[in-house]
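Please read the structure below before turning to the comments.
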C-alpha cells in the first residue's frame, strides 16, 4: 500500500503563498516539485545550507529516487537526510518519518532511494567547503519515477570571502600580542623566539586609568605605540606595525557567543568600511563592543567582537571576522 508523507511545512508554505523557486519539469508530467532554502544568513565556509525539496506525483506513481548535484563537493556532513519531519495533527508534536531506504554522497552528487510513497519532502544539507570560498554555487534537484522525472534548480549563491575565527583570547602579561595573519595570540617571548614581530598587528593592555586619571580599561594598541598607551607593557623587539583601529558598535550574532545569527556584519560592510587616517588604538572596551581593524600592509580588514572581559584577570575573549583584501 502506498503511503503519502505529508510535511507540514510544505503544506503551510502553499497556504501562506510563499514564493518558491520555479521548477523545470514538463507541464504534462504528473510529477511536481518545489524547493525552499530554510536557513538564513550569508553563505560562509563551514556553514550548513538546509533545503526542503518537496516532490509529489498526481497520478499515484511512486517516487523512486532523488538526486542532488552541487557546484562543489560539500564538506563533511553534506547529504540527504533519511527522515523527513511533520507535525502530528493529533498532538501538535513535530515527529520524524522515514522517507529514504538508502542515501549516499559522492563528490558533488547526493542520492536517495525513496520509500513507497507518492509525496514527500526531502531534507538536504550542504556544508560549504573551503574550495568554494569567493565562488558561486548552485544546486540541481532531480526526482525520478517510473514514468519520468522532474527537476528544479536553486538560485546562484555567492560564497562569502569572509573567514570567521571564534574562541580567541588575549591577557596581560601572557599572550597579549595578536596577528591577523596567523589569527593567534602570542607572548612577547614567543614573538621574539619565532621571529614574527612583523606579523603582530595589535597588543592587548589593561589599566584602570591613564595619564591624568581618565579611564582606559581594556585596550588594543598597535605596536607602533604612537601615543605611548602601551606603557609599561613590553613591545616585542622589531614590532612596529601601524595598525588602524576604530571602535564600532556593530551587533553580530555570528560572532556573539549567544547571538541572533541573522544579524551580522557582512562582507560588503567590511569592504566599504573607511579606516584611512583613523587611530591606531581602541580603549575602554567592554563586552558586546567591537573594533574595526586594518592591518599595516592593508592586506586584511577585520571586525573584532568582544564576548567577555575580566578586569580582575585582565583578559579579553573575542571572535573575529577577517576579509583578505589582497
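In the numbering used here, the protein residues as written are 1027 to 1352.
All C-beta atoms in this analysis are idealised placements derived from N, C-alpha and C, irrespective of residue type, glycine included.
All values derive from a computational prediction rather than experimental measurement.
- Message: residue 1322 and residue 1253 - do their beta-carbons sit closer together than 9 Å?
- Response: no
- Message: Contact defined as beta carbons within less than 8 Å: I believe residue 1184 pairs with residue 1152. What is the distance between those atoms, to the nearest angstrom?
- Response: With a Cβ gap of about 15 Å, residue 1184 and residue 1152 do not count as contacting.
- Any C-beta of chain C under 9 Å from that of residue 1255: No chain C appears in this structure, which consists of one protein chain only.
- As assigned by DSSP and simplified to three states, the class of residue 1036: Caution applies to residue 1036, whose pLDDT of 40 falls short of 50 and renders its modelled position unreliable; the value that the coordinates give is listed next. Helix.
- What three-state label does DSSP hand residue 1091 in the structure shown? strand
- Message: In the DSSP assignment, the beta strand (DSSP E) including residue 1274 goes from what residue to what residue?
- Response: 1270-1274
- Does DSSP put residue 1296 in a helix, in a strand, or in coil? helix
- Query: Where do the N-terminal and C-terminal ends of the alpha helix (DSSP H) with residue 1215 fall, by residue?
  - Reply: 1214-1220
- Item | Whole-angstrom distance between residue 1228 and residue 1266, CA atom to CA atom | 10 Å
- Message: What does the alpha-carbon distance come out to for the pair residue 1286 and residue 1345?
- Response: 15 Å
- Task: Look up residue 1107 in the DSSP assignment and say whether it is helix, strand or coil.
- Result: coil
- Message: Just to confirm before moving on: does the CB-CB distance between residue 1262 and residue 1289 stay below 9 Å?
- Response: no
- Query: Alpha carbon to alpha carbon, how far is residue 1071 from residue 1240?
  - Reply: 43 Å
- Query: What span of residues does the beta strand (DSSP E) with residue 1317 cover, start to end?
  - Reply: 1316-1320
- Please confirm whether residue 1193 and residue 1231 have their CB atoms less than 9 Å apart. no
- Message: If I follow the unbroken beta strand (DSSP E) through residue 1329, where does it start and stop?
- Response: 1326-1336
- Message: Just verifying my parser: in three-state terms, what is the DSSP assignment at residue 1253?
- Response: coil
- Item | Where the beta strand (DSSP E) containing residue 1189 begins and where it ends | 1189-1197
- Message: Rounded to whole angstroms, what is the Cα-Cα separation between residue 1131 and residue 1167?
- Response: 14 Å
- Item | Candidates 1083, 1260 and 1314: closest to residue 1174 by CA position | 1083
- Query: How far does the beta strand (DSSP E) with residue 1135 in it reach, from first residue to last?
  - Reply: 1135-1140
- 6 Å CB neighbourhood of residue 1136 in its chain, flanking five on each side removed: 1094, 1105 and 1106
- C-beta atoms of residue 1124 and residue 1141 nearer than 9 Å: yes
- Contact set for residue 1055: own chain, Cβ-Cβ below 7 Å, skip 5 residues either direction: 1174 and 1176
- Item | Helix, strand or coil at residue 1248 according to DSSP, with G and I counted as helix | coil
- Query: Of the residues 1100, 1169, 1251 and 1271, which one's Cα is nearest the Cα of residue 1326?
  - Reply: 1271
- Message: Beta-carbon within less than 6 Å of residue 1064's beta-carbon, same chain only, minus the 5 sequence neighbours each way: which residues are those?
- Response: 1076 and 1078
- Message: DSSP three-state label for residue 1347, please.
- Response: strand
- Task: Report back the beta-carbon spacing between residue 1109 and residue 1122 to the nearest angstrom; my notes put them in contact at under 8 Å.
- Result: 4 Å
- Just confirm the distance between the C-beta atoms of residue 1182 and residue 1162, as a whole number of angstroms; I'd bet it's less than 8 Å. 5 Å
- Residues bridged to residue 1082 (per DSSP): 1058 and 1145
- Message: Can you find the residues in the same chain that come closer than 7 Å, C-beta to C-beta, to residue 1351, ignoring five residues on each side of it along the sequence?
- Response: 1324, 1325, 1326 and 1327
- Alpha carbon to alpha carbon, what distance is there between residue 1341 and residue 1180? 45 Å
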